[in-house]
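Let me begin by presenting the structure, written as structure tokens, before commenting on it.
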């Protein structure tokens, strides 16, 4: 096969593909696609020859592009290219070309790997070969010529040659297993990886670290990983000490993934890991503050971007190990490690505050006041996770000592004070008992920080007080004093301090036990007036916080008619404002506050306040009609507002349905133009997504969140208003059935609530419906959930509950075929849970470590699912008892019925034992 006839025009095509102009590039893509359809083998071979061997004398950029195009064209389905023209199913060029041509392409690629001297081209070749081998392996066709070449390259004297095998192994970890006639034994494979870890070139070493993680995680069986993994990890940890500090983060990052996914591999290296990782985490000195026995030689004032690059992954490795083996960390070095780790986290945060600058300009610009406090890899996040994993009282005591030191720092060392407060707040979440016993001591210790000269300390103080209230669940003793401090900070010149003062104010009140008819220990009128005054002087993001606080306070004042009237009028004044873009989220918050069910009920009970609800409905409708764009944040608040309104006044909401339902139906009817699990890139020069992204509860598409919320609102309207919803029941039921097949979990869950609600409306309004067909459809979707390869237990429980609610609504026994199918489904569900429990147990024994958090989540989900199964059986039994001969029908299904009951009993006992 010759490719010379294509060479002449190819240079122009490559130039056009690299050109910035859109029109020539699109024309070149079309030409290349058409040429590939006409001559697939010739085009792929020419791309390989240019890219791997430089045929035709092309520049490096052209060669690099050819390697990219080779993989993207070879495995992309091209309309008009058929393996079998009579079937009419498009194929990829790789699947169409003869085996001899595939072999020639692989020979060219392997020759390039052996001979190429340019470092950039070698990296491109490595990526291309790994991609080609992986796609070929997916088609059960191993690339046999490639592994021998890679093994040969590991012994070359040039470091850039030795680099390539580890690059390819990182990208395609199963290569040496899938693409060899006799797969390498694990021990021999490990020797190749060890050679890379001990290589004289640091570039090769770092690539070998990546290969070790990839092969152990995705390229070996459990038994193979158990055989060679601990040795490889121990060697990698030892070699880390010889990696230059400026490159250390590149070697550490692969070990982070191993530490979390396969922590058992780190266990034999406990001593080395617990000695070396703290040394990497240790912060630099700040003035006279040396946080550990081994601080960095530099000071915090020098800047520390390089240190943070390796300190963050080192922290993750240590936390992963502590999560799996807390006793090993607690007991190491007679408990001194814990005493040393706590000040490290405080010092880390102090150093980061120094690097952020005295004016803290970036922090001040941040309007989302939740961001930054417990961000992943932050010192606060780290010390909180450590406290959770170890459950060691020594952490609280060590942190309290650091807090005392922070309180003695000079005002100019505000970074130390702030760090002490923020880290102490993080530890509190895991230390409820000690904080209750020492509440007076701690609040007295930190009270002076409320008026500290630096705003970051004032903010940290308020944040810490909020956490104390949440953890201790009481602040009555200090209530008035703390309230006064918060009220003072409501007039702070810094917006974020005012926002935190608002939040802390709510924390204090909401965590104080309700006194019922007794007078509140707080002057609520003073607090509400202060919040309303602060609202007028604040930026939009602070206004949102103030409204959230007022919403929480509503439960304390609903018995006071004057209070309720004043708050309602305050909300109405906000809602009367125009929906300017900057204020739309604020307006949404005001809608949320004014429609809290308890607050609405309080007005509904008083005739003199009833007119307020009519006014509220008018304002909701006004904003609803004002929405002109899909991304208007008011939309979801309005839907939630109508729904809360309905929950509060029940069937009396019926007159408002004509205003609320059309908007809900509009949002619930939204359907994305296309769901493509593996949507191909529109251009040959764009990446094709590698992974199917599943839409979760909140939805990767914001409109799907709104769709799910609107469907939930429709379900509420139906349940509360019954036959008043008759005019919309057809559309509602159609949306519910259609939503069962949505790719969004949130939409599917909302559908499970909407269908029984609409069935109730049908029944109340005497509207005929084919119940049997509906139940068959719902059962079919439930069965699909149960048979899904990666079962979503929570979603399956929702589907079973939906089916159970439907048969509750119809209140008649199920037709025999449906009853039999339903019992068969429940029996399989119980069996699936039992099987999954056994698999998890076996995996935990094999790996030698259990993920307690994951196990707790699974036990909760399984318990919830089995409760739904139990409820379903009870409803079926009750309905069968209502008709003559019903119990005899169940006796005919006794074997299936008994299997479900016995399985339930056995699993419930097993889950109780695990919990």
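Numbering (my numbering), first residue to last: 1401 to 2315. Don't be surprised by glycine CBs; every beta carbon is placed ideally from N, CA and C.
Figure out for me which residue from the options has the closest Cα to the Cα of residue i.
i, options, result
"residue 1428", "1440, 1442, 1409", "1409"
"residue 2260", "2216, 2193, 2230, 2277", "2193"
"residue 2126", "1602, 2312, 2166", "2166"
"residue 1940", "1969, 1970, 1911, 1985", "1985"
"residue 1614", "1551, 1569, 2029", "1569"
"residue 2282", "2208, 2306, 1727, 1500", "2208"
"residue 1668", "2229, 1632, 2312, 2267", "1632"
"residue 2038", "1975, 1831, 1927", "1975"
"residue 1813", "1776, 1690, 1763, 1750", "1750"
"residue 1826", "1873, 1511, 1788, 2040", "1788"
"residue 1625", "1589, 2179, 1764", "1589"
"residue 2146", "1661, 2171, 2199", "2199"
"residue 1811", "1776, 1851, 2269, 2032", "1851"
"residue 1576", "2148, 2049, 1761, 1550", "1550"
"residue 1720", "1692, 1553, 1781", "1781"
"residue 1652", "1890, 1677, 1664", "1677"
"residue 2224", "2236, 2211, 2179, 2212", "2179"
"residue 2056", "1524, 1630, 2124", "2124"
"residue 1650", "1767, 1602, 1691", "1602"
"residue 2110", "2151, 2141, 2072", "2151"
"residue 1641", "2000, 1675, 1418, 1623", "1675"
"residue 1509", "1956, 1545, 1952, 1910", "1545"
Around the C-beta of residue i, are 16 or more other C-beta atoms found within 10 angstroms, so that it is buried, or is it exposed?
i, result
"residue 1959", "exposed"
"residue 2081", "Per-residue confidence for residue 2081 stands at a pLDDT of 40, beneath the threshold of 50, marking its modelled position as unreliable; the derived number appears in the next sentence. The residue in question, residue 2081, is exposed, as its Cβ has fewer than 16 Cβ neighbours within 10 Å."
"residue 2079", "With a pLDDT of only 37 at residue 2079, under 50, the local geometry of the prediction cannot be trusted, and the value read off the model is given with reservation. Exposed, because fewer than 16 other Cβ atoms sit within 10 Å of the Cβ of residue 2079."
"residue 1900", "buried"
"residue 1926", "exposed"
"residue 1604", "buried"
"residue 2187", "exposed"
"residue 1683", "buried"
"residue 1480", "exposed"
"residue 1988", "buried"
"residue 1486", "exposed"
Less than 9 Å between the C-beta atoms of residue i and residue j, yes or no?
i, j, result
"residue 1886", "residue 1905", "yes"
"residue 2161", "residue 2132", "yes"
"residue 1505", "residue 1445", "yes"
"residue 1924", "residue 1968", "no"
"residue 2196", "residue 2144", "no"
"residue 1798", "residue 1743", "yes"
"residue 1805", "residue 1816", "yes"
"residue 1865", "residue 1908", "yes"
"residue 1449", "residue 1457", "no"
"residue 1460", "residue 1447", "no"
"residue 1828", "residue 1854", "no"
"residue 2300", "residue 2227", "yes"
"residue 1533", "residue 1494", "no"
"residue 1656", "residue 1607", "no"
"residue 2229", "residue 2128", "no"
"residue 1979", "residue 2030", "no"
"residue 2304", "residue 2273", "yes"
"residue 1709", "residue 1648", "yes"
Is there at least one Cβ from chain C nearer than 9 Å to residue i's Cβ?
i, result
"residue 1927", "Any reference to chain C falls outside this structure, which holds one protein chain only."
May I have a chain-ordered list of the alpha helix (DSSP H) segments no shorter than 4 residues that lie completely inside the stretch 1507-1551? 1519-1538
In chain order, which continuous runs of the beta strand (DSSP E) of length 3 or greater are located wholly inside the stretch 1811-1890? none
Taking contact to mean 3 or more Cβ pairs, one atom from each stretch, closer than 8 Å, check whether the stretch 2104-2124 and the stretch 2149-2156 are in contact. Contact annotation: the stretch 2104-2124 touches the stretch 2149-2156, with at least three C-beta pairs closer than 8 Å.
Could you tell me which uninterrupted alpha helix (DSSP H) segments, each at least 4 residues in length, are contained entirely in the stretch 1950-2000, listed from first to last along the chain? 1961-1975, 1984-1994
Are the stretch 1528-1535 and the stretch 1463-1471 in contact at 8 Å, needing three or more beta carbon pairs? yes
Cβ pair count under 8 Å reaching 3, the stretch 1833-1841 against the stretch 1853-1860: no
Measuring CB atoms only, is the stretch 1476-1484 touching the stretch 1537-1544, in the sense that at least three cross pairs come out at less than 8 Å? no
As an exercise, report each continuous alpha helix (DSSP H) stretch of at least 4 residues that is fully enclosed by the stretch 1991-2069, in chain order. 1997-2004, 2010-2026, 2034-2049, 2057-2068
Using 8 Å as the Cβ pair cut-off and three pairs as the minimum, do the stretch 1839-1851 and the stretch 1719-1735 touch? no
Stretch-stretch touch, CB-based, cutoff 8 Å, three pairs: the stretch 1987-2005 with the stretch 2033-2047: Counting C-beta pairs closer than 8 Å gives three or more between the stretch 1987-2005 and the stretch 2033-2047, which meets the contact rule.
Those runs of the alpha helix (DSSP H) which lie wholly inside the stretch 1728-1777 and span at least 4 residues: 1736-1756, 1761-1765
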